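2 protein chains.
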Amino acid sequence: MPPRTPATVETKTKQIYSLLREQIFQGVYAAGVKLPSTRDLANEFGVSRALIVDVFEQLIAEGYLEGRQGSGSYVVDLGGTKRQFYSQLQDIDSSGEGTVAEPPARFQGIDFRPSFPALEHIPFKKWKETAIAAYTNTHSGDFGYDDDPAGNWQLRTNICQVLLHTKGIRCLPSQVIITAGATQAIAMLSRLLLKPGDAVAIEDPNATFIQHIFESTGADIIPVPVDEHGLRVDDLPTHRSPKCVFVTPSHQFPLGSILSIGRRIQLIDYARQTGCYIIEDDYDSEFRYAGMPVHALRELDSERIVYIGTFSKNLFPALRIGYMVVPHELLDPLLRLKKLIDMHCPILPQITLARFITERHLEHHIARMKRIYSKRRKCLIAGLSNIFGNRVKISGDAAGLHLVAEMAESFCGSQVVAQLEELHIKVYPAERYTIVKGRYENQLIMGFGNVGEINILEGIKAIASVLRQC
Amino acid sequence: MPPRTPATVETKTKQIYSLLREQIFQGVYAAGVKLPSTRDLANEFGVSRALIVDVFEQLIAEGYLEGRQGSGSYVVDLGGTKRQFYSQLQDIDSSGEGTVAEPPARFQGIDFRPSFPALEHIPFKKWKETAIAAYTNTHSGDFGYDDDPAGNWQLRTNICQVLLHTKGIRCLPSQVIITAGATQAIAMLSRLLLKPGDAVAIEDPNATFIQHIFESTGADIIPVPVDEHGLRVDDLPTHRSPKCVFVTPSHQFPLGSILSIGRRIQLIDYARQTGCYIIEDDYDSEFRYAGMPVHALRELDSERIVYIGTFSKNLFPALRIGYMVVPHELLDPLLRLKKLIDMHCPILPQITLARFITERHLEHHIARMKRIYSKRRKCLIAGLSNIFGNRVKISGDAAGLHLVAEMAESFCGSQVVAQLEELHIKVYPAERYTIVKGRYENQLIMGFGNVGEINILEGIKAIASVLRQC
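Residue numbers (numbering that gives the first Met the number 0), protein chains in the order written: chain V, 0 to 469; chain Y, 0 to 469.
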């Protein structure tokens, strides 16, 4: 006889448990009926009495049976609907019908997605080494809950140093909250600052998902136009005070302009007068190809501006780490909210990132990527000029991972997108980012972050051939 | 002469940039004034003309200067308030005053926190090895954004298999959404299902933070009492339909009872009749010390129940990975919401966890921890019995990482907590988890997950000495 492994015993227990449960559900053992003794059932099934006792105890614990001292085990009355529940147990769940049974396929092709980094140049090896070194230095407390919803202290300290150095922002680690990407920061702020019927002023055009976040609060969106000096501050609403103004001052998304110092001063004056907050989203401005990175709006005011940064563009999106530098007045409400929505961000990735910054790997990675992006940008500009000549005007290219190609003639965006998609090429007409339609019908937003030079040229040719037909 | 490194060049550029900016802010160069030529400034500062050109371009890009073709660079009018902004730039930010400048200290002592795992037994080495192996098998797409807000497909597939095996739940990966811990799942559901003025029925007592999440939506909390068979379903409101009912059927938190099969059927009937959803939070029931893990409520219904699980108790809290199994009707709204609040969870930890499950490390870890927790539980029960004799009644101890110690006499919870805190011992009176006060004034919820056996005994002695004084 083969030795009984714990596994087969468990299976036997489970089998008999399931059988008795089935018989109770189906009324073979009706409500109030006394079950056979454990000894009799043990003989019947050819198992030990201890095993049957285990099954009975489970059924009692779960409320199928009721044990009466010295008398035996009785079936509990489960009510009239019990039979239909048993059929549910037996069925393969049908609620999943119509849903995908396969993981969604990844897009393979040339994708001019703006503001998306070069995935094949992710500093994967250095990140892995850093993770290993970081893990080795953890202590058991790093695996529990973080009592501080704002996140890892060292990472917040490092962020402060980087911000002072590159953005002119003076802040303390206690003013920094680590978030699940910039998305969570914007979602938290919109939840805190906006109620249904409130107003929020946002740049038009903008990154569409940000508009969706604001809309989900029930607030009214007030689009404010943008020109070559950024948000047209003069066009901010005067008849109605928005609760906040959303801007991308270092590199307007998607048009690429820098908010001029004159307008910065004007915007902060507006916020001080109306009592609204300014949400400054600084998503990619460390990649600046002419001169130094532009200073943050936040350097000019610490009370009315929430500064949002992210590691999605300068490191990698899958990390889901962003942060915000928060005015004193908003700190406690935001920390309370962070605790309510997910307690805090995962700890090990934060420790790894803190070390990655301390050891200057991030700095080196950004310098390296700036060279790579600079080449891609030049290649894209040269390619567009070669093929379109003076029928294309390029702008918004001084920083970041995308530029604006303004064509001599308007085109139908959805038609161009559809035709290029058949060629496995994704393009992004400026109109898809606008609220007020019809002002940018001849413009494409072209990301060059994640497109190699050969693909850039191939993509431009395909775009040219499709545009000719439209 | 020492070679000029790029770093010193950058510093020089930055210095001259800052100086000119200061002079513009202070009116040394007033609005409309033409700046000296780049050649003159290069001579004055003893730097190359190219460097001054860089500085001018930066100041033009940022809107301080305006370049006029063939004529030179002119100072832009920044308005009357510009001087006050310059003082902000010079100041060490004072908005951080009164905030902590040091990371918060971690609690050192004996902490009977319920539902908290043994941090010193985290399978740290295996986790690290798995992470390294998982990283090695990634491809560049794993570093981008996940187009699917529900999370990693392999992890969701593994979760389905585990749920079928241990909880009787039949579901497809497409019905599973990975969340930032159970907290995020509950926060998402409460945001989706509850509006101000709606009602939500929750067990009383409960994990207080869950109550806070529901309260933050503006919904009315309807407390429903709990007894030794779990939620008293008969006490659910009949005059007013709640939008959802929150339950912990496998191991009521904190009292430890199992929701009996009779009440399970009754509860689902209630949900079907009133059209409400049931939120089933299954936080620690794999650690069951008698018999098999209790099946999930979700096995009986797939349309009205959202099942929530977490890896915080069976692996470690810092991971921040939980999940929910979602009825068909809620799937799309929840996926849209997940995209709006943080896009998706971090990818690398999900890939690591998927591999950790595939390679059966999680299963082995749970089995190992069950032995460790079983010992701690016995030690706690024996210690309580030895010291309190028949003046203590223990319950809720068949599963999980905590039990209920019911004392013969009531005590003042806050006083006991304060006195023990002085001895560096943290205890948790049942009353801190209640909505309706005064029903559990003689009970302590005692977590044994993260307390070693020596500390358990030391802690009990201290509790006894403090209770004697109260």
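Ideal Cβ placement from N, Cα and C applies to all residues, glycine included.
Being a predicted model, the structure only gives us computed values, none of them experimental.
- The bridge partners DSSP lists for Lys-425 of chain V are V:Asp-110.
- With a cutoff of 8 angstroms on beta-carbon distance, Tyr-306 of chain Y and Ala-295 of chain Y are scored as near each other.
- Among the CB atoms of chain V, one or more fall inside 8 angstroms of the CB of Thr-182 of chain Y.
- With a contact defined as Cβ atoms closer than 8 angstroms, Ala-218 of chain V and Val-244 of chain V miss out at about 12 angstroms.
- Three or more Cβ pairs drawn from the region 345-362 of chain Y and the region 121-136 of chain Y lie within less than 8 angstroms of each other, which places the two stretches in contact.
- The closest CA to that of Lys-425 of chain Y, considering only Y:Thr-80, Y:Asp-53, Y:Asp-110, is found on Y:Asp-110.
- Put simply, the CB of Leu-318 of chain Y is near chain V, with a gap under 8 angstroms to one of its CB atoms.
- A direct Cα-to-Cα measurement between Ala-463 of chain V and Ile-386 of chain V gives close to 7 angstroms.
- In the DSSP assignment, no residue is bridged to Tyr-144 of chain V.
- The beta carbon of Met-291 of chain V falls within 8 angstroms of a beta carbon belonging to chain Y, placing the residue at that interface.
- Within the region 292-326 of chain Y, the residues whose Cβ lies closer than 7 angstroms to any Cβ of chain V are, in chain order, Val-293, Glu-298, Leu-299, Asp-300, Ser-301, Glu-302, Phe-315, Pro-316, Ala-317, Leu-318, Arg-319, Pro-326.
- Within chain Y, the residues placing a beta-carbon under 7 angstroms from that of Thr-80 of chain V are Ile-264, Asp-268, ordered along the chain.
- The alpha carbon of Ala-30 of chain V has as its nearest neighbour, out of V:Gln-414, V:Asp-76, V:Asp-146, V:Ile-365, the alpha carbon of V:Asp-76.
- In this structure the region 105-119 of chain Y does not lie against the region 142-157 of chain Y, because fewer than three pairs of beta carbons, one per stretch, are closer than 8 angstroms.
- Residue range 360-387 is occupied by the alpha helix (DSSP H) that includes Ser-384 of chain Y.
- Shown here, Met-406 of chain V sits in a strand according to DSSP, grouped into three states.
- For the options Y:Ser-373, Y:Gly-261, Y:Thr-247, Y:Lys-337, the alpha carbon positioned closest to that of Arg-287 of chain Y is the one of Y:Ser-373.
- Using a Cβ-Cβ cut-off of 8 angstroms, Gln-414 of chain V does not count as an interface residue toward chain Y, since no Cβ of chain Y sits closer than that to its own.
- Against chain Y, the CB of His-211 of chain V has a partner CB under 8 angstroms away; the residue lies at that interface.
- Neighbourhood of Gly-261 of chain V in chain Y, by CB distance below 9 angstroms: Gly-62, Tyr-63, Val-75, Asp-76, Leu-77, Gly-78, Lys-81, in chain order.
- Exclusion of the five residues before and after Leu-191 of chain Y leaves Leu-329, Pro-332, Leu-333, Leu-336 as the residues of its chain whose Cβ lies within less than 8 angstroms of its Cβ.
- Taking Arg-231 of chain Y as the centre and dropping the five residues before and after it, the same chain places the C-beta of Val-223, Pro-224, Val-225 closer than 7 angstroms to its C-beta, in chain order.
- For Tyr-322 of chain V, no alpha helix (DSSP H) segment is defined; the enclosing uninterrupted segment is the beta strand (DSSP E) at 321-324.
- In the structure shown, the three-state DSSP call for Val-465 of chain Y is helix.
- DSSP lists no beta-bridge partner residue for Leu-318 of chain Y.
- Taken atom to atom, the span from the alpha-carbon of Arg-319 of chain Y to that of Trp-152 of chain Y is near 18 angstroms.
- The beta strand (DSSP E) runs of length 3 or more contained entirely in the region 15-80 of chain Y are, from start to end of the chain, 64-67, 71-74.
- Considering only beta carbons, the part of the region 345-356 of chain Y lying closer than 8 angstroms to chain V consists of Pro-345, Ile-346, Leu-347, Pro-348, in chain order.
- Counting C-beta pairs with one atom in each stretch, the region 238-255 of chain Y and the region 400-410 of chain Y have three or more that are closer than 8 angstroms, which means they touch.
- Interface with chain Y (8 angstroms Cβ-Cβ cutoff): Met-368 of chain V is excluded.
- In this structure, V:Leu-19 is the residue among V:Leu-19, V:Cys-378, V:Arg-297 with its C-alpha nearest to the C-alpha of Pro-35 of chain V.
- Under DSSP, the beta-bridge partners assigned to Lys-392 of chain V are V:Glu-405.
- Chain Y has a Cβ within less than 8 angstroms of the Cβ of His-228 of chain V.
- Interface criterion met: the Cβ of Asp-147 of chain V is under 8 angstroms from a Cβ in chain Y.
- Scanning its chain for C-beta atoms nearer than 6 angstroms, with the 5 sequence neighbours on each side dropped, one finds around Lys-33 of chain Y the residues Gly-71, Tyr-73, in chain order.
- Taking 8 angstroms as the CB threshold, Phe-84 of chain Y lines the interface with chain V.
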